[in-house]
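Numbers 0 to 377, taken from numbering that gives the first Met the number 0, label the letters of the sequence shown in order. Glycine included, every Cβ here is placed at the ideal spot set by N, Cα and C.
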Amino acid sequence: MARIDLGIIGCGNISHSYLKGAARSELVRVKAVADLRTEAAQAKGVEYGVQAVSVDQMLADPDIQVVLNLTIPLAHAPVSLQVVEAGKHVYSEKPLGSRHAEAEALMLAATAKGIRVGCAPDTFLGAGHQACRRAVDAGRIGRPIAGSAFFATHGVEHWHPNPEFFFKRGGGPVLDMGPYYVTQLVNLLGPVVRVAAQATIGSATRTVSSEPLKGSIIQVEVPTTVNGVLSFANGASVTITTSWDVWRHRRVPFELYGSEGSMLVPDPNFFGGEPMVTSRDGDWTPLNTSVHPFGKPNRRTQSGLHVADYRMVGVLDMAAAIRDHRRHRASGELAMHVLEVLEALERSSIEGRHIMIETPCERPEPLPLGEGEEVFAS
Ligand SMILES: NC(=O)c1ccc[n+]([C@@H]2O[C@H](COP(=O)([O-])OP(=O)(O)OC[C@H]3O[C@@H](n4cnc5c(N)ncnc54)[C@H](O)[C@@H]3O)[C@@H](O)[C@H]2O)c1
C-alpha cells in the first residue's frame, strides 16, 4: 500500500515523539512540518529531513491527507477546524478543544464534510491497557463495581521548557492528564453518565524552575487539584483525582474493583506496564501482556524509567482505517465524550451539583493480538 502523507502543525516538545514514531512506520510518511514560529518548524525540518512550510502551504498540498495538530490546547479546535475546512483528515493532541462546545462545532463541521477526526491519547492501545480490556471483557473481575484513578505530581513548571499554557484555559491537570485516565476508563467500562467533583487552585502563582524561563512567574487560571466521582452507564462508580499540588504520595495510578476480583491497571500515560488481577481475595496474578502489540519498553524517561512509548499508534490506526474503510479507535467521538466528562468535573465544583453527560460514545474496538503494525490489517 502507498504510504499516507502527513503534515504536522506544531513543532514543540511533543513533536519529537510523533516524528520518531512516523519514521519507524510502514504506513505513513511526514511530508511537511509547520509552526507559528518559523524557526521551530525549520529546526524540526532539518533534524528529521522534512520540508518546513507555512500552515497555508501545508493545507494547500494535495498530497497531504492527514494533518497532526500538535499545537497548544487553546489552538487545538481552531487549527483542527482550519484543517477540516481544507478537506483534510485531522488528528489532534489532547484535549480535542479547550471547551466542549468548540469540539462539538469541530465534529459537526467534520461530519458535514465526511472528514475524519482523531485525537490523543492513544495509550489505551498499548499492551498493558489492551490486556486489561481483554481481562475485563472475559469477566476476570466479574461485574465492575468501583475503582480509583489517581494522578498527582507537583506540576509541569519544573521540567517543561515553556509551561505557561498548562496553567491557562485548556490546561490544568484535569484537561492535561485526565484524558489518559478517562479514555482508558471508557475503553474498559464504557460511557460515563454522571459526574460530581470538588476543584481547588492550590497556589495562585507558579515559579518556573526549568530552563530557559527559570524564575518567571505564571498566574494560575485553572484548578490544580480536582477530586471527582464518575458514574458509568454499566453501574460502576470510579473516584478520580488529578492534581499538580502534590510533592509526594504512595497511591497507585489506577485500580478497578469487581464482583469477582480486583484489577491493577498500569499508568495510562504509558503503553506498557504490568497489569494484575485477583480472583476474589486471592493473590495478585500478572496478566500476559506479551501477546499484545505496543508494550515493549523502547524509551528511557528523564527519571530513568524504561517505558513503552508508541505515541503515534492512534494515527497509524486512523491511516489504516482510511485505507480499509473502517472506524478508527482514537476517535473524535471518544475524545469529545472524554472532554465533556473532564469539563463536567470543573462545572460540578463551580455549580455545586452533579452534571449529567450527554455526548454518546461507544467503546473502541479492542486491538487484535499480534505484533506491530500488522494488527491494523485485521
Ligand atoms: N510535552 C509533552 O510531554 C506532551 C505529552 C503529551 C501530550 N502533549 C500535548 O501536546 C500538545 C503540545 O505540547 P508541547 O509540549 O509540544 O507544547 P509546546 O509549547 O512545546 O509546542 C507547541 C507548538 O505549537 C506552536 N503553535 C501554537 N499555536 C499554533 C498555531 N495556531 N499554529 C501553528 N503553530 C502553533 C507553538 O509555536 C509551539 O512550537 C499539548 O496539547 C500537550 O498537552 C504534550
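Whose C-beta lies closer than 7 Å to the C-beta of residue i among residues of the same chain, with five residues either side of it excluded?
| i | result |
| --- | --- |
| Q129 | H291, P365, L366 |
| F270 | T122, G125, A126, G127, F293, G294, A307, D308, Y309 |
| R299 | H305 |
| T152 | W243, V245 |
| H248 | A151 |
| S258 | G141, R142, I144 |
| R133 | P365 |
| A85 | L58 |
| S215 | V207 |
| P296 | G271, H305, V306, A307 |
| H157 | S208, S209 |
| D175 | F165 |
| S14 | I7, K43, L69 |
| D62 | D4, K30 |
Give a yes or no on whether the C-beta atoms belonging to residue i and residue j are separated by under 9 Å.
| i | j | result |
| --- | --- | --- |
| L124 | L184 | no |
| T49 | D60 | Contrary to the premise, residue 49 reads as Val rather than Thr in this sequence. No. Outside cutoff. |
| P172 | P267 | no |
| G9 | I71 | yes |
| L58 | A76 | no |
| V264 | L187 | yes |
| D4 | K30 | yes |
| E361 | E25 | no |
| A74 | Y47 | no |
| L286 | C131 | yes |
| V65 | R139 | no |
| N161 | G44 | no |
| I217 | E273 | no |
| V89 | L69 | no |
| F375 | A320 | yes |
| E92 | R168 | no |
| V340 | V191 | yes |
| M317 | H327 | yes |
| G189 | V337 | no |
| R98 | E342 | yes |
| T276 | T288 | The amino acid occupying residue 276 in the given sequence is Val; Thr does not appear at that position. Not in contact: V276 and T288 (Cβ atoms no closer than 9 Å). |
Can you name, in chain order, every residue of its own chain whose Cβ lies under 8 Å from the Cβ of residue i, other than the five neighbours on each side?
| i | result |
| --- | --- |
| T223 | G154, F166, G171, P172, T199, I200, G201, S202, S242, W243, D244 |
| R28 | R2, I3, D4, L5, A21 |
| S16 | D308, R310, M311 |
| V83 | V89, L105, A108, A109, K112, I114, V116 |
| E357 | E339 |
| L80 | A104, L105, A108 |
Apart from the five residues on each side of it in sequence, which residues of its chain come closer than 6 Å, Cβ to Cβ, to residue i?
| i | result |
| --- | --- |
| R250 | F149 |
| S278 | G260 |
| V225 | V173, A196, A198, T241, L344 |
| R193 | S230, H353, M355 |
| G234 | none |
| V32 | I7, C10, A40, K43, G44, V49, A51 |
Do we get a CB-CB distance below 9 Å when we pair residue i with the residues of chain C?
| i | result |
| --- | --- |
| V27 | Looking at the structure shown, chain C is missing, and only one protein chain is on hand. |
Any 3 or more C-beta pairs closer than 8 Å across the stretch 303-314 and the stretch 339-349: no
Any chance you could list the alpha helix (DSSP H) runs of at least 4 consecutive residues sitting entirely within the stretch 305-373, in chain order? 312-323, 331-350
Would you be able to state if there are at least three C-beta pairs under 8 Å between the stretch 135-147 and the stretch 227-245? yes
Segment contact flag, the stretch 92-112 with the stretch 188-207, C-beta cutoff 8 Å, min 3 pairs: no
Inside the stretch 198-280 only - beta strand (DSSP E) runs reaching at least 3 residues: 204-206, 216-218, 224-231, 236-242, 253-257, 260-263
Quick test of the definition: if touching needs 3 or more C-beta pairs under 8 Å, does the stretch 254-262 touch the stretch 207-218? no
Scan the stretch 71-153 and note each continuous alpha helix (DSSP H) run of 4 residues or more that stays entirely inside, going in chain order. 72-84, 99-112, 126-136
Does the stretch 324-337 touch the stretch 31-43, meaning 3 or more C-beta pairs lie closer than 8 Å? no
Going residue by residue through the stretch 19-43, where are the continuous alpha helix (DSSP H) segments of at least 4 residues, counting only ones entirely within it? none
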